Each structure stands twice: as structure tokens, then as C-alpha cells.
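Worksheet: the structure to be examined is printed underneath.
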Amino acid sequence: MAMLTAKLSSPATNWLTGGRSPAGARRSAPARRATLIRATAGSYADELVSTAKSVASPGRGILAIDESNATCGKRLASIGLDNTEANRQAYRQLLLTTAGLGEYISGAILFEETLYQSTTDGKKFVDCLKDQNIMPGIKVDKGLVPLPGSNNESWCQGLDGLASRCAEYYKQGARFAKWRTVVSIPCGPSALAVKEAAWGLARYAAIAQDNGLVPIVEPEILLDGDHGIETTLEVAEKVWSEVFFYLAQNNVLFEGILLKPSMVTPGAEHKQRATPEAIAKYTLTMLRRRVPPAVPGIMFLSGGQSEVEATLNLNAMNQAPNPWHVSFSYARALQNSVLKAWQGRPENVEGAQKALLVRAKANSLAQLGRYTSEGESDEAKKGMFQKGYTY
Ligand code: 13P
7 MAMLTAKLSS
17 PATNWLTGGR
27 SPAGARRSAP
37 ARRATLIRAT
47 AGSYADELVS
57 TAKSVASPGR
67 GILAIDESNA
77 TCGKRLASIG
87 LDNTEANRQA
97 YRQLLLTTAG
107 LGEYISGAIL
117 FEETLYQSTT
127 DGKKFVDCLK
137 DQNIMPGIKV
147 DKGLVPLPGS
157 NNESWCQGLD
167 GLASRCAEYY
177 KQGARFAKWR
187 TVVSIPCGPS
197 ALAVKEAAWG
207 LARYAAIAQD
217 NGLVPIVEPE
227 ILLDGDHGIE
237 TTLEVAEKVW
247 SEVFFYLAQN
257 NVLFEGILLK
267 PSMVTPGAEH
277 KQRATPEAIA
287 KYTLTMLRRR
297 VPPAVPGIMF
307 LSGGQSEVEA
317 TLNLNAMNQA
327 PNPWHVSFSY
337 ARALQNSVLK
347 AWQGRPENVE
357 GAQKALLVRA
367 KANSLAQLGR
377 YTSEGESDEA
387 KKGMFQKGYT
397 Y
């Protein structure tokens, strides 16, 4: 791989069309073609590939705790806590200092405030992560706003100043980034919204790679709606084909990205639920049709599924080898029982950290295809879907 990436990063190398081409090929293929299809990730290519591989390592996945201050406030409010910086820090400290977490967790996505925070003893959160071989990641999008001219849909802001922000985050220790945009099935989705989502993700991915951060590409297809699983499949295929079209147009290095898709499920209000086997079948069908094997990792979001559902579905997807590492990047499905166990009380920190390890281990087993839901609590089986939920 070192050789491959060295070639990818060398602007002078025409590795796809150059070298020993069949006789006549050079004359019939115009020289410009090579520049069009070459992926460039600047001087960071080798590092991006190794970062992505480390995040996509066997039996591990991502802990997503990148809620904006407003969304973190919702989590804290669920256990009766005020949304103060001290409470956000206490909560993130609990999560990031859990001993043994690195066995199951390979990356943690942070919000900007957390990236620059330390524990109450003065140890940087970034260093707590590094000590456990967990890559620090950073949410870089600036959230969703209405998309004029669409069917009540939204678009994701954050490209202005992104390059300099990424460079600063890299200096602070971040090695990967996340940009979450959404697609709504009940709203259409309109061609405009899909194109905007895909283009924004691709521009972000190119800028993140240029500054040494592995981009997590996340077009979340919301669970909202009463549609069947076939409709989700159709929309997901459309969305991912556009995303990859624009990623390629922007010369993004596929070996240095990670995806964060929604699982292909029926809409949350559909009359019938799907089994983990059906969800795995539809989701893997979509991925095989749309995602090149050069991509190292697929890190699913949980999207409002219960903790157990999200884990069972992931487990079902890992019953046979896949071309990519198929794993998790859950927020709600890793944090729910932790919050319940903590309740904001110092004497509950240990119990809350145990709850985190239980979920992290369950998902680690699911990544390896070895999970069973035996012994799971009723709390972990409770769905978390909220209609129109905003992050
Ligand atoms: P959920 O697992 O709660 O859907 O989180 C998704 C997400 O994008 C957080 O980074």
C-alpha cells in the first residue's frame, strides 16, 4: 500500500493510464485524461490511508460524541442537567476517560469545544484518546439550513473557511473529520437537494484531505416516513451514486475516506418492521452496487434505532466477508444507557462507564459478526426515533 499511495500522491505519475499501455492506446487516449482521473490528496496521501485503516480496524468502530452545544443540551436535559460548559465537560470526560475503551473504539468524533477541552485534572481530551489508540475526529460542518427552491428540504453549511479550520484542527490533534448532511424521503427528495448534498460532501472531502483529515462522508437518509424498504433502497442508491460521482470529480482519494451511511430500512412509520437479516440484505445490496472496494470503512449511524436494534443489524451485515470494514459510528445507540446510568451524579460515573463498555463491546462483537442480544436490558431495546429530530 505504501507504494500505491506514494504513486497516488505523486503529481507526475500517470498510474492509471500511463506506463505499459497496449500499443496505440497512448495515441487514442488524450493526455488530459490522466489528470482527470487521478486522485490527489496532496502531501498527506500516505497518512490519510493509514488513518483510515486504523479507524477501520477489526473489532472496532467510532464513538460519535460530536453533538453541537445545543444538541448536547438535549442529552443533558434528558437527565435533568443544565446545558453548561462544566456539565458538557463532565459528560465528555466520563466518556473519554473510560478505561479499556480503545479495545472496541478506534475513533471518537468530537465537537470543536471538546477538541480543545481537558479533564478536570488538566489532561487534554485529545491525549486521553491517543493513550488508548483512539483517533480524535472533529465535526466540521456548520449545520443545516433551509434550501430555497426545494421541497422544504435543507442544505449543509460550512465550506467557508473550512481549509483553515481543518488545518487548525489537525494541529490540535484531530486526524479525521465529519460532515453530516441529510436527505428526507417524505420531502421527495428533490433532485436539487440530492445534488446539493452530494456536491457539498465532495467539496468538504477534498478540503479535509488536503489538510490531513480523513473525511467521513455522511449523507444521512432520515428514518422519517411511512415508505417501504424498497423506496429507501432506491433513494439510497441515487444519493450514493451522486456522492461518488462528485467525490471522483473532486479528485478525492477513495482509500483515504470513510463513509457514514444510514442502514437501508423501512420508514419509521411504515406498517411493517424489517428483520436484521432483511436490513442487512438491502443495505449490503445498496453498498455493493455503489461503493468501490477501495473505500476502507463503512461506519453506520444509528439514526434513532434502539441500541440493540442497531447492534443486531450491524451483526447481520457481518455474517460473511465484505469488501470493506463494516462497522459503527453511533451517537444515540452508544450513549443512551450511559446517560441513564450517570444521571449527572459523580457516584454513578463508574457505572456509566461500565454501561459504555457494554455497548462498545456489543458493537465490537457485531463488527466481527459474533453478537447475540442475550441478556440485553429492556432499556437498550427501546427505540429512540423522534419524528423530525434535529441534531
Ligand atoms: P446517531 O447514531 O445518533 O444517528 O448519530 C449520527 C451522527 O451523525 C452523529 O455523529
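In this note's numbering, the protein residues as written are 7 to 397.
By construction, the Cβ of each residue, glycine as well, lies at the ideal position given by its N, Cα and C atoms.
Model, not experiment: these values are computed from the prediction.
**Report entry** Inter-stretch contact at 8 Å, needing at least 3 Cβ pairs: the region 69 to 87 / the region 246 to 257
**Finding:** no
Reduced DSSP category for G303 - H, G, I as helix; E, B as strand; rest coil: The residue labelled residue 303 in the question sits at position 297 within the sequence shown. Of the three classes helix, strand and coil, the one that applies to G303 here is strand, per DSSP.
Margin query: Considering Cα atoms alone, identify which of G375, A197, H233, Q163 is closest to G155.
Written below: For this step, residue 155 is matched to residue 149 along the sequence shown. Checking every option, the nearest Cα to that of G155 belongs to A197.
Check: Cβ atoms of T317 and A368: under 7 Å apart, would you say?
Finding: Along the sequence shown, read from residue 1 onward, the residue named residue 368 stands at position 362. Along the sequence shown, read from residue 1 onward, the residue named residue 317 stands at position 311. Going by C-beta atoms, A368 is nearer than 7 Å to T317.
- Message: List, from N- to C-terminal side, the beta strand (DSSP E) runs of 3 residues or more that fit wholly inside the region 101 to 188.
- Response: 111 to 116, 141 to 145, 150 to 152, 160 to 162
Could you give the first and the last residue of the continuous beta strand (DSSP E) run that contains F334? As a working note, residue 334 is residue 328 in the sequence shown. Segment 331 to 336, the beta strand (DSSP E) holding F334.
Next item on the list: Taking R58 as the reference, give the member of V188, S170, I191, A214 with the closest Cα.
Entry: Counting from one through the sequence shown, the residue named residue 58 turns up at place 52. The sequence shown places Ala at residue 58, rather than the Arg named in the question. Closest option to A58, Cα to Cα, is A214.
* Asked: Is it the case that the Cβ atoms of M3 and T291 are separated by a distance below 7 Å?
  -> Look at the range of the chain in this structure, 7 to 397, and you will see that residue 3 is not part of it.
Three or more C-beta pairs closer than 8 Å, one from the region 186 to 193 and one from the region 116 to 132: is that the case here? no
### Task
Report the rounded CA-to-CA distance for E380 versus T103, giving the unit in angstroms.
Along the sequence shown, one-based indexing puts residue 380 at 374. Along the sequence shown, one-based indexing puts residue 103 at 97. Near 28 Å, if we compare the C-alpha coordinates of T103 and E380.
Quick one: using the 10 Å Cβ neighbour count with 16 as the cut-off for buried, is V151 buried or exposed? Locating residue 151 in the sequence shown gives position 145, where the first residue counts as 1. V151 comes out exposed.
Check your understanding: Taking 6 Å as the line, does the beta carbon of Y336 fall inside it for any heavy atom of the ligand ATP?
Key -> This structure lacks the ligand ATP; the ligands present are the ligand 13P.
Quiz item: Is R365 near the ligand 13P, judged by its Cβ being under 6 Å from some heavy atom?
Solution: Looking up residue 365 in the sequence shown gives position 359. Outside the cutoff, so no.
key: Where P352 sits in the DSSP three-state scheme   = Locating residue 352 in the sequence shown gives position 346, where the first residue counts as 1. Helix, per DSSP.
Anticipated Cβ contact below 8 Å, F391 with L229, distance rounded
Working through the sequence shown from its first residue, we reach residue 391 at position 385. Working through the sequence shown from its first residue, we reach residue 229 at position 223. Between L229 and F391 the Cβ distance is about 6 Å, and since that is below 8 Å, they are a contact.
Using a Cβ-based criterion (distance less than 6 Å to any ligand heavy atom), does D72 qualify as near the ligand 13P? Residue 72 sits at position 66 when you count from the first residue of the sequence shown. Because some heavy atom of the ligand 13P lies under 6 Å away, the Cβ of D72 counts as near it: yes.
Please classify P272 as buried or exposed, where buried requires at least 16 neighbouring CB atoms within 10 angstroms. In the sequence shown, the residue the question calls residue 272 occupies position 266. By the neighbour-count rule (16 or more Cβ atoms within 10 Å), P272 is buried.
Helix, strand or coil: which one does DSSP assign to P225? Your numbering for residue 225 matches position 219 in the sequence shown. DSSP places P225 in strand when its eight states are reduced to three.
Nearest by alpha-carbon distance to A70: which of K266, A208, S60 is it? Within the sequence shown, the letter at position 64 stands for residue 70. Selected option, being the one with the closest Cα: K266.
* Asked: Would you call G128 buried or exposed, if buried means 16 or more other Cβ atoms sit within 10 Å of its Cβ?
  -> Here residue 128 refers to the residue found at position 122 when the sequence shown is read from its first residue. G128 is exposed by the Cβ-count criterion.
* Nearest to L345 by alpha carbon, out of S335, Q359, Y210? -> Working through the sequence shown from its first residue, we reach residue 345 at position 339. That would be Q359, whose Cα lies nearest to the Cα of L345.
* Asked: Which whole-angstrom value describes the C-beta separation of I144 and S112, a residue pair presumed to lie in contact below a C-beta threshold of 8 Å?
  -> On the sequence shown, position 138 is the one that residue 144 refers to. On the sequence shown, position 106 is the one that residue 112 refers to. Actually they are not in contact, since the Cβ atoms of I144 and S112 sit about 15 Å apart, beyond 8 Å.
Checklist line | Opening and closing residue of the beta strand (DSSP E) in which I71 lies | finding: Residue 71 sits at position 65 when you count from the first residue of the sequence shown. Start and end: 67 to 71.
Which residues in the same chain as G394 place their Cβ atom closer than 6 Å to its Cβ, once the five residues preceding and following it in sequence are excluded? Numbered from its first residue, the sequence shown carries residue 394 at position 388. The answer is none, since no qualifying residue turns up.
Query raised in the report: What's the call for D384, buried or exposed, on a 16-neighbour Cβ count within 10 Å?
Result: Locating residue 384 in the sequence shown gives position 378, where the first residue counts as 1. With fewer than 16 other Cβ atoms within 10 Å, it is exposed.
- Alpha-carbon to alpha-carbon, N342 and W330: The count along the sequence shown starts at 1 and reaches residue 330 at position 324. The count along the sequence shown starts at 1 and reaches residue 342 at position 336. Rounded to the nearest angstrom, the two C-alpha atoms are 28 Å apart.
* To do: For the alpha helix (DSSP H) containing N402, list its first residue and its last residue.
  => No answer is possible for residue 402: the residues shown for the chain start at 7 and end at 397.
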